[in-house]
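J.: Structure in structure tokens, see below.
Protein chains: 2
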Amino acid sequence: MFDRLAGCGATPGGGVERQCATAADGAARDVFEAALKSAGAETRTDVIGNQFGVFRLAGCEDAPLVMIGSHLDSQPKGGRFDGALGVAAAVCVGEALSATDDAGVTLAEALNAIGRHGTDRPPSLPACYLELHVEQGVSLETAGATIGVVTRNWGATKFDVVFQGEQAHTGPCPMPLRRDALLAASYLIVDARAIADRWPGVVHTSVGRLVVSPNSANVVPSETQLSLEIRSNDDGVLAQASALADQAIAKAAARANVTVAAVTRTERAIRTLPASVCDLVEDCSAAAGCKSLRLDTVAGHDAISLLGHCPTGLVFVPSVGGVAHNEGELTSKADVEAGFRVCLEAASRLCRSGGSPERALRLAREVAA
Amino acid sequence: MFDRLAGCGATPGGGVERQCATAADGAARDVFEAALKSAGAETRTDVIGNQFGVFRLAGCEDAPLVMIGSHLDSQPKGGRFDGALGVAAAVCVGEALSATDDAGVTLAEALNAIGRHGTDRPPSLPACYLELHVEQGVSLETAGATIGVVTRNWGATKFDVVFQGEQAHTGPCPMPLRRDALLAASYLIVDARAIADRWPGVVHTSVGRLVVSPNSANVVPSETQLSLEIRSNDDGVLAQASALADQAIAKAAARANVTVAAVTRTERAIRTLPASVCDLVEDCSAAAGCKSLRLDTVAGHDAISLLGHCPTGLVFVPSVGGVAHNEGELTSKADVEAGFRVCLEAASRLCRSGGSPERALRLAREVAA
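Residue numbers (the numbering used here), protein chains in the order written: chain Z, 22 to 390; chain S, 22 to 390.
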């Protein structure tokens, strides 16, 4: 099934191009649904395109639900492991139905175009959620461990910034009169990198997206829209770095003689995952004969998004060289199999314990003792 | 006719959106052709879409040709005066037929789509070329003059630069390992501005166009393509500033740990326009009762592109506030009429002098004397 998914939107570079609600994503969703059906699951697609497969293992309708999942969509020219590895259910990581892409297409329109704008209600809130994902870093590889037990996520402040200047001719317009929105964006991007360099290893910053208008060689840009991220594993440092980013936005606008037309700021707190699920995964890893390592996740994952709703667990397997969001992403077959064995064991214990990670952990320890 | 052209691609902001070979450009070309035909001209469209109207005023086929022209296409959300004001023939300013836009569409394909991919041979080389254009600066307004007699153009070095980095996850990828092509572009944009600031009023620099790949908020950009311009009215300074730009490109790549995948460098020399045509325009301006001013053009114009082929003259009329490449561009009706009167008089004298500006000038002076 992994190989069939990797074939959906496969790129010549060995990766996948399967952004949400594109034709390639639709193909992967078809593969996923067919696999669920052939495995005997009841399938559901909800109003924002989430797909669920419900396996009824208990004899009653109101049994606690254990959910396992990850994402099917990819980065542009992304890797084939990222998300697809943990696939069992598509969990909401997207935006509201009113969100549009750069071409103004809403998610609802894009989902309709691939026939995945469903009407089903999602299943009930799970008693526990498990996710298998590739590490996207080098900690496991460095430690020689096969299984990562994620105990905490890095916090993040994400800024969407719009600078507004004024179109002018790049020739005759005197330099002091120019109101160059791209120059403002550039000042900010340079300053954002300097913020990371103040706290090596503790703060990560990036601007991954920048849209320039009108984007013509001999027109001074009148508008830029960019997405800036500040990430840290330290609450105090994250607050300081985010405040510096706020200042850098204002300073960049002032230096380039433009205005800050809009700033939206989204924060993701540093949070710890439930100790009971971590302990359970660690136990299952030991039972499978795998060396495990407790570690942070810098990236957000579905298991982090669901933290406020139910106990969640996040299991990492090694990424060769830490390569991520890149077609060259790779995880060895042996590591993939180890990750699946650990997840299978943890899910199996959870299902035999009414979905309670504490009970699943106790049960296993009793068996062991 | 000017108002009808302004209606082609008219924007709510009072400007026009009429980029080359779009539907709006096609509409303007139709207006232009219809106007030529109704005025009795023989019309031609050549293989790269240039349109010509030939008025046969002499009795013979091989009479010297006087050409008057400018451009019909506009900047994105540009002004309605820019180019359209001087329209009489579309003169080649474009790229080869193999050039493509950002969407990979060739000029030939785009011209075919609007039915303007002609096969006619252009008319013979003109004996003289005249162009009426808006100043796009404030020199005339400041001097209280109505007619600008352009004697020289600023030189320019134009760079198209491609930085190549490596896609990575903006979260876990350690900062020292990132190869961020957008960061490199930002260093260069900031340095390019600093180059202009070293020679105030003598050097203009801008990056008007920047394309980021893959342009996703949580992916470190792997490629940026940008267009950088350096302009100056001093040959020595232009050479120094261009050399600094070369260094800034290399330095930006090194700082961001990326490679310079491509640099193309196009140079436009500082050149003077023929004194005879300048004198003729000045004479005609005086005859029309207009105050004139000799000045440079910072922007390139068709009359500059044709300099190597025949004597050319470039006549400016004032731009209110110097606003250019912007929907708010404006030239007063009285100034437009003055510009037309001067051009009409100059063209009329040229036509009576076999197309020779020297003879046209002598003729007028003899009449005056």
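Ideal placement from N, C-alpha and C gives every residue a C-beta, glycine not left out.
Since the structure is predicted, the reported quantities are computational estimates derived from the model, not experimental observations.
Could you have a look at Gln96 of chain S and say whether DSSP puts it in helix, strand or coil?
T.: Here residue 96 of chain S is taken as the residue at index 75 of the second sequence, counted from 1. Coil, per DSSP.
J.: For a contact defined as C-beta to C-beta under 9 Å, what are the partners of Pro97 of chain Z on chain S?
T.: Position 76 of the first sequence holds residue 97 of chain Z. Here the neighbours are Gln188, Ser234, Pro235, Asn236, Ser237, Val240.
J.: Is Ala381 of chain Z near the ligand MN, in the sense that its beta carbon is under 7 Å from a heavy atom of that ligand?
T.: This structure lacks the ligand MN, and indeed carries no ligand of any kind.
J.: Using a Cβ-Cβ cut-off of less than 7 Å, list which residues of the segment 156-170 of chain Z approach chain S; keep chain order.
T.: Residues passing the 7 Å Cβ filter: Gln157, Gly158.
J.: For Gly176 of chain Z versus Asp256 of chain Z, is the C-beta distance shorter than 8 Å?
T.: Looking up residue 176 of chain Z in the first sequence gives position 155. Looking up residue 256 of chain Z in the first sequence gives position 235. Contact: yes.
J.: Against chain S, does Thr293 of chain Z count as a neighbour if the rule is that its beta carbon must be under 8 Å from one of theirs?
T.: The residue given as residue 293 of chain Z occupies position 272 in the first sequence. It does not: the Cβ of Thr293 of chain Z has no partner Cβ on chain S nearer than 8 Å.
J.: Alpha carbons only, please: which of Z:Ile210, Z:Gly360, Z:Leu57 is nearest the one belonging to Ser248 of chain Z?
T.: For the purposes of this step, residue 248 of chain Z is identified with residue 227 of the first sequence, where counting begins at 1. If we check each option's Cα against that of Ser248 of chain Z, Z:Ile210 comes out closest.
J.: Compare the C-alpha of Leu301 of chain Z against each of Z:Thr66, Z:Met196, Z:Arg315, Z:Arg289 and name the closest.
T.: As a working mapping, residue 301 of chain Z is identified with position 280 in the first sequence. Of the listed residues, the one whose Cα sits closest to Leu301 of chain Z is Z:Arg315.
J.: Do Asn239 of chain Z and Gly192 of chain Z count as a contact pair if the criterion is CB distance below 8 Å?
T.: Locating residue 192 of chain Z in the first sequence gives position 171, where the first residue counts as 1. Locating residue 239 of chain Z in the first sequence gives position 218, where the first residue counts as 1. Yes, they are a contact pair.
J.: Across the segment 320-333 of chain S and the segment 146-158 of chain S, are there enough close Cβ pairs to call them in contact, namely three or more that are closer than 8 Å?
T.: The segment 320-333 of chain S is in contact with the segment 146-158 of chain S.
J.: Residues of the segment 32-64 of chain S in Cβ contact with chain Z at a cutoff of 7 Å, in chain order, please.
T.: Against chain Z - using a Cβ distance shorter than 7 Å - the segment 32-64 of chain S contributes no residues.
J.: Using a beta-carbon distance below 8 Å, is Arg230 of chain S in contact with chain Z?
T.: Along the second sequence, read from residue 1 onward, the residue named residue 230 of chain S stands at position 209. So yes, Arg230 of chain S belongs to the interface.
J.: Going along the chain, which unbroken runs of the alpha helix (DSSP H) with 4 or more residues stay wholly within the segment 331-388 of chain Z?
T.: Qualifying alpha helix (DSSP H) stretches, in chain order: 354-372.
J.: Compare the C-alpha of Ala359 of chain Z against each of Z:Asn347, Z:Thr245, Z:Val336, Z:Ala269 and name the closest.
T.: To locate residue 359 of chain Z, count along the first sequence from 1; it is residue 338. The shortest Cα separation from Ala359 of chain Z among Z:Asn347, Z:Thr245, Z:Val336, Z:Ala269 belongs to Z:Val336.
J.: I'd like to check one pair, Gly70 of chain Z with Glu348 of chain Z: are the Cβ atoms closer than 8 Å?
T.: By one-based count along the first sequence, residue 348 of chain Z stands at place 327. By one-based count along the first sequence, residue 70 of chain Z stands at place 49. No. Outside cutoff.
J.: For the segment 38-78 of chain S, which segments carrying the beta strand (DSSP E) assignment without a break, of at least 3 residues, lie completely within its bounds, in sequence order?
T.: DSSP runs (the beta strand (DSSP E)) wholly in the segment 38-78 of chain S: 63-66, 72-75.
J.: Does the Cβ-Cβ distance between Arg214 of chain Z and Asp317 of chain Z come in under 8 Å?
T.: Your numbering for residue 214 of chain Z matches position 193 in the first sequence. Your numbering for residue 317 of chain Z matches position 296 in the first sequence. No, the Cβ-Cβ distance between Arg214 of chain Z and Asp317 of chain Z is not below 8 Å.
J.: Give me the Cα-Cα distance between Ser227 of chain Z and Lys354 of chain Z, rounded to the nearest whole angstrom.
T.: Against the first sequence, residue 227 of chain Z aligns to sequence position 206. Against the first sequence, residue 354 of chain Z aligns to sequence position 333. Near 32 Å, if we compare the C-alpha coordinates of Lys354 of chain Z and Ser227 of chain Z.
J.: Are the beta-carbon atoms belonging to His92 of chain S and Ala189 of chain Z less than 8 Å from one another?
T.: Residue numbering aside, residue 92 of chain S sits at position 71 when the second sequence is read from its first letter. Residue numbering aside, residue 189 of chain Z sits at position 168 when the first sequence is read from its first letter. Not closer than 8 Å, so no.
J.: From Gly222 of chain Z to Asn236 of chain Z, what distance separates their C-alpha atoms?
T.: Position 201 of the first sequence, counted from the first residue, corresponds to residue 222 of chain Z. Position 215 of the first sequence, counted from the first residue, corresponds to residue 236 of chain Z. For Gly222 of chain Z and Asn236 of chain Z, the distance between alpha carbons rounds to 35 Å.
J.: Answer yes or no: does any C-beta atom of chain Z fall closer than 8 Å to that of Asn278 of chain S?
T.: The sequence position of residue 278 of chain S within the second sequence is 257, counting from 1. It does not; no Cβ of chain Z falls within 8 Å.
J.: How would you call Asp304 of chain Z, buried or exposed, if buried means at least 16 neighbouring beta carbons within 10 angstroms?
T.: As a working mapping, residue 304 of chain Z is identified with position 283 in the first sequence. Answer is buried; the Cβ neighbour count reaches 16.
J.: If we ignore side chains and look at the alpha-carbon of each, how far apart do Pro378 of chain Z and His330 of chain Z end up?
T.: Counting from 1 along the first sequence, the entry for residue 378 of chain Z is found at position 357. Counting from 1 along the first sequence, the entry for residue 330 of chain Z is found at position 309. Cα-Cα distance, rounded: 15 Å.
J.: Could one say the Cβ of Val338 of chain S lies closer than 8 Å to chain Z's Cβ atoms, at least one of them?
T.: The residue labelled residue 338 of chain S in the question sits at position 317 within the second sequence. Closer than 8 Å: no.
J.: Can you list, in chain order, the residues of its chain with a C-beta nearer than 6 Å to that of Ala15 of chain S? Leave out the 5 residues immediately preceding and following it.
T.: Nothing can be reported for residue 15 of chain S, as the shown portion of chain S is limited to 22 through 390.
J.: Looking at the strands, I want to know which residues DSSP matches up with Thr226 of chain Z.
T.: On the first sequence, residue 226 of chain Z is found 205 positions in, with the first residue counted as 1. Bridge partners of Thr226 of chain Z: Z:Ile251.
J.: Which residues in chain S have a C-beta closer than 9 Å to the C-beta of Glu250 of chain Z? List them in chain order.
T.: Here residue 250 of chain Z corresponds to residue number 229 of the first sequence, with the count starting at 1. Under the 9 Å cutoff, chain S gives Thr191, Gly192, Ala238, Asn239.
J.: Can you name the residues that DSSP bridges to Val183 of chain Z?
T.: As a first step, residue 183 of chain Z must be located in the first sequence, where it is residue number 162. BP columns for Val183 of chain Z point to Z:Gln246, Z:Ala283.
J.: What's the call for Arg219 of chain S, buried or exposed, on a 16-neighbour Cβ count within 10 Å?
T.: Translated into positions along the second sequence, residue 219 of chain S becomes position 198. Exposed.
J.: Below 7 Å CB to CB, which residues in the same chain sit around Ser263 of chain S once its five sequence neighbours on both sides are set aside?
T.: Position 242 of the second sequence, counted from the start, is the residue given in the question as residue 263 of chain S. Closer than 7 Å at Cβ, skipping near neighbours: Thr178, Ile251.
J.: If you drop the 5 nearest sequence neighbours on each side, which residues of the same chain put their C-beta closer than 6 Å to that of Val341 of chain S?
T.: Counted from its first residue, the second sequence places residue 341 of chain S at position 320. So the qualifying residues of the chain are Leu351.
J.: Can you find a CB in chain Z that lies within less than 8 Å of the CB of Ala120 of chain S?
T.: Counted from its first residue, the second sequence places residue 120 of chain S at position 99. Legend: pLDDT at Ala120 of chain S = 46, less than 50; position of this residue unreliable, no value from coordinates given.
J.: Tell me the start and end of each unbroken beta strand (DSSP E) in the segment 277-327 of chain Z that is at least 3 residues and wholly inside, in chain order.
T.: DSSP runs (the beta strand (DSSP E)) wholly in the segment 277-327 of chain Z: 280-289, 313-318.
J.: Measuring only between beta-carbons, confirm whether Ala320 of chain S sits less than 8 Å from chain Z.
T.: On the second sequence, position 299 is the one that residue 320 of chain S refers to. Yes, contact with chain Z.
J.: Could you work out which residue in Z:Asp267, Z:Leu57, Z:Leu161 is closest to Arg286 of chain Z when comparing CA atoms only?
T.: Numbered from 1 along the first sequence, position 265 holds the residue referred to as residue 286 of chain Z. The residue with the shortest Cα to Cα distance from Arg286 of chain Z is Z:Asp267.
J.: Just the chain Z side, please: which residues come within less than 8 Å of Leu203 of chain S by C-beta, in chain order?
T.: For the purposes of this step, residue 203 of chain S is taken as the residue at position 182 of the second sequence. In chain order: Ile210, Val228, Gly229, Leu231.
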